[in-house]
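Q: Residue numbers (the working numbering): 940 to 1202. A virtual CB, placed ideally from N, CA and C, is assigned to each residue, including glycine.
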Amino acid sequence: MISTIKRIGQNIIGAMSPNDYPKLIKLGAIDRPNYGYIVYQAADLARRLGLARISVLEFGVAGGRGLLNLEYHAARVGAITGVTIDVYGFDTGEGLPPPIDYRDLPYIWQANHFRMDQAALKAKLTRAKLVLGLAADTVKTFCAEFNPAPIGAISFDLDYYSSTVDAFKIFDVAPEYRLPRIFTYLDDNYSSDLGHVGPGVGVPLAVNEFNAADASRHLGALTHLEFEYRPARRWHRQIYSFADFRHPQADTYILSGDRQLAI
Ligand SMILES: C[S@@+](CC[C@H](N)C(=O)[O-])C[C@H]1O[C@@H](n2cnc3c(N)ncnc32)[C@H](O)[C@@H]1O
């Protein structure tokens, strides 16, 4: 039974053009489809806005498996869309800082968890640049130091409430450094058997505070994913859009033609 299902799956995938990236992502037939989704969608939005180059970011790199995967998607999506995609990985380089209080869930996360082997990772990276230091500091100097192409996608995987609050300051960079809508993946807005992430702690608290602070921009879940993407996966509920309603390109029309629904 399982082998039949596998064979059918392989036939479907085999019949598809390797460039049919949206379909591969939709089927989850690719490593870390969540990363593929935000990278592809960001490149597609950039193309519709007439931009040739974007940046994608990962906050929380640790050993670097996620960053290497982001490089992979950036290369594939770049080749398909023609948009050049730069990759940046933010991390202390030394693992988690100390938790500030209960909101960081210290009963599951502690200082120095997830240390990076910087030399080993640098030797493997092909296009990603590491931005090392506390997120609270590096987000402030990022644009001056790197002059990045507009940010189109971000994965937030910093575990803590406090670190996520610091990293969300990336949304304060000048509008020329970001698309009007940024596709984000929030790794830690989910609970586990032992880690009880919820409204008053962790990433959900950081999101709620962010949204309460300023009505002209928000982080909102892309609610169509869990209904339109099959089979159901947890990441479908972890994709959020950062939308800035005052961005100069916020209202730029991105579809084509005159839309009518004839009787
Ligand atoms: C769970 S790991 C990331 C895993 C990685 N995204 C992956 O997919 O393999 C969390 C990382 O966040 C980093 N981190 C947490 N708080 C930080 C902060 N305030 N500034 C910079 N890095 C931080 C830690 O150093 C740690 O490596």
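By the DSSP assignment, the beta strand (DSSP E) with TYR1179 in it spans what residues?
A: Along the sequence shown, read from residue 1 onward, the residue named residue 1179 stands at position 240. Taken as a continuous stretch (DSSP letters only), the beta strand (DSSP E) holding TYR1179 covers 1178 to 1183.
Q: From the DSSP output, which residues share a beta bridge with ARG1169?
A: Start at 1 with the first residue of the sequence shown, and residue 1169 comes out as number 230. Note: ARG1169 sits in no beta bridge, so no partner.
Q: In this structure, does DSSP put ILE1094 in helix, strand or coil?
A: On the sequence shown, position 155 is the one that residue 1094 refers to. Rather than Ile, the amino acid found at residue 1094 in this sequence is Ser. Here SER1094 sits in strand by DSSP.
Q: Would the beta-carbon of LEU1097 be found less than 6 angstroms away from any heavy atom of ligand 1?
A: Within the sequence shown, residue 1097 is the residue found at index 158, counting from 1. True, at least one ligand heavy atom lies under 6 angstroms from that Cβ.
Q: Spatial neighbours of ARG1185 within its chain, please: C-beta separation below 6 angstroms, excluding the five flanking residues on both sides.
A: As a working mapping, residue 1185 is identified with position 246 in the sequence shown. The answer, listed in chain order, is SER1155.
Q: Can you check DSSP and say which residues form a bridge with THR1123?
A: Within the sequence shown, the letter at position 184 stands for residue 1123. DSSP lists ILE1093, TYR1179 as partners of THR1123.
Q: To the nearest angstrom, how far is it from the Cα of ALA1067 to the Cα of GLY1028?
A: Mapped onto the sequence shown, residue 1067 falls at position 128. Mapped onto the sequence shown, residue 1028 falls at position 89. The straight-line gap from Cα to Cα measures roughly 7 angstroms.
Q: So does ASP1030 have its beta carbon nearer than 6 angstroms to some heavy atom of ligand 1?
A: By 1-based counting over the sequence shown, the position of residue 1030 is 91. Taking 6 angstroms as the cut-off, one finds at least one heavy atom of ligand 1 near enough to the beta carbon of ASP1030.
Q: Within 10 angstroms of the Cβ of ASN973, are there 16 or more other Cβ atoms? Answer buried if so, exposed if not.
A: Taking the sequence shown and counting its residues from 1, one reaches residue 973 at position 34. That one is buried.
Q: Do VAL1026 and VAL995 count as a contact pair if the criterion is CB distance below 7 angstroms?
A: Within the sequence shown, numbered from 1, the residue matching residue 995 stands at position 56. Within the sequence shown, numbered from 1, the residue matching residue 1026 stands at position 87. Taking 7 angstroms as the Cβ cut-off, VAL995 and VAL1026 qualify as a contacting pair.
Q: How would you call THR1191, buried or exposed, if buried means at least 16 neighbouring beta carbons within 10 angstroms?
A: In the sequence shown, residue 1191 corresponds to position 252, counting from 1. THR1191 should be labelled exposed.
Q: What are the boundary residues of the alpha helix (DSSP H) that LYS1063 is part of?
A: In the sequence shown, the residue the question calls residue 1063 occupies position 124. Unbroken alpha helix (DSSP H) run through LYS1063: 1057 to 1063.
Q: By the three-class DSSP mapping on this structure, what secondary structure does ILE993 have?
A: Numbered from its first residue, the sequence shown carries residue 993 at position 54. Looking at ILE993 - three-state DSSP - the assignment turns out to be strand.
Q: Quick test of the definition: if touching needs 3 or more C-beta pairs under 8 angstroms, does the region 1143 to 1158 touch the region 1166 to 1186?
A: yes
Q: Residues bridged to PHE998 by DSSP?
A: Start at 1 with the first residue of the sequence shown, and residue 998 comes out as number 59. Beta-bridge pairing links PHE998 to PHE1029, PHE1095.
Q: What does a CB cutoff of less than 6 angstroms around TRP1174 pick up in its chain, not counting 5 residues either side in sequence?
A: Taking the sequence shown and counting its residues from 1, the one referred to as residue 1174 is at position 235. Only ASN973 meet the Cβ criterion.
Q: Helix, strand or coil for ALA1160, going by three-state DSSP, please let me know.
A: For the purposes of this step, residue 1160 is identified with residue 221 of the sequence shown, where counting begins at 1. Three-state result, ALA1160: strand.
Q: PHE1053 and GLY1032 - do their beta-carbons sit closer together than 7 angstroms?
A: Taking the first residue of the sequence shown as position 1, residue 1032 is located at position 93. Taking the first residue of the sequence shown as position 1, residue 1053 is located at position 114. Going by C-beta atoms, GLY1032 is not nearer than 7 angstroms to PHE1053.
Q: Can you say whether ARG1015 is buried or exposed, counting buried as having 16 or more other CB atoms within 10 angstroms of its CB?
A: Against the sequence shown, residue 1015 aligns to sequence position 76. Buried, by the Cβ-count rule.
Q: In the DSSP output, which residue or residues are listed as bridge partners for LEU1071?
A: In the sequence shown, the residue the question calls residue 1071 occupies position 132. According to DSSP, which records beta bridges pairwise, LEU1071 is partnered with ASP1030.
Q: Would you mind working out which of ALA1013, HIS1012, ARG1004 sits nearest ALA1059, comparing C-alpha positions?
A: For the purposes of this step, residue 1059 is taken as residue 120 along the sequence shown, with counting starting at 1. Closest by alpha carbon: ARG1004.
Q: Hey, how far is the Cα of ILE1024 from the Cα of ILE1202?
A: Residue 1024 sits at position 85 when you count from the first residue of the sequence shown. Residue 1202 sits at position 263 when you count from the first residue of the sequence shown. C-alpha separation (whole angstroms): 43 angstroms.
Q: Can you give me the Cβ contacts of PRO1045 inside the same chain, cut-off strictly under 7 angstroms, excluding the 5 residues immediately before and after it?
A: Indexing the sequence shown from 1 puts residue 1045 at position 106. Hits under 7 angstroms: PRO1038.
Q: Tell me which residues share the same chain as ILE1090 and place their Cβ nearer than 8 angstroms to its Cβ, disregarding the 5 neighbours each side in the sequence.
A: If you number the sequence shown from 1, residue 1090 lands on position 151. Within the same chain, Cβ atoms closer than 8 angstroms to the Cβ of ILE1090 are found at ILE993, SER994, VAL995, LEU996, ILE1109, VAL1112, TYR1116, ARG1117, LEU1118, ILE1121, the five residues on either side in sequence being excluded.
Q: Counting C-beta neighbours from all protein chains within 10 Å, is the total for PRO1087 16 or more, i.e. buried, or is it exposed?
A: The residue given as residue 1087 occupies position 148 in the sequence shown. When all chains shown are included, PRO1087 counts as buried.
Q: Under a three-way DSSP split, which group does ARG1004 fall into?
A: To locate residue 1004, count along the sequence shown from 1; it is residue 65. ARG1004 carries a helical assignment under DSSP once its states are collapsed to helix, strand and coil.
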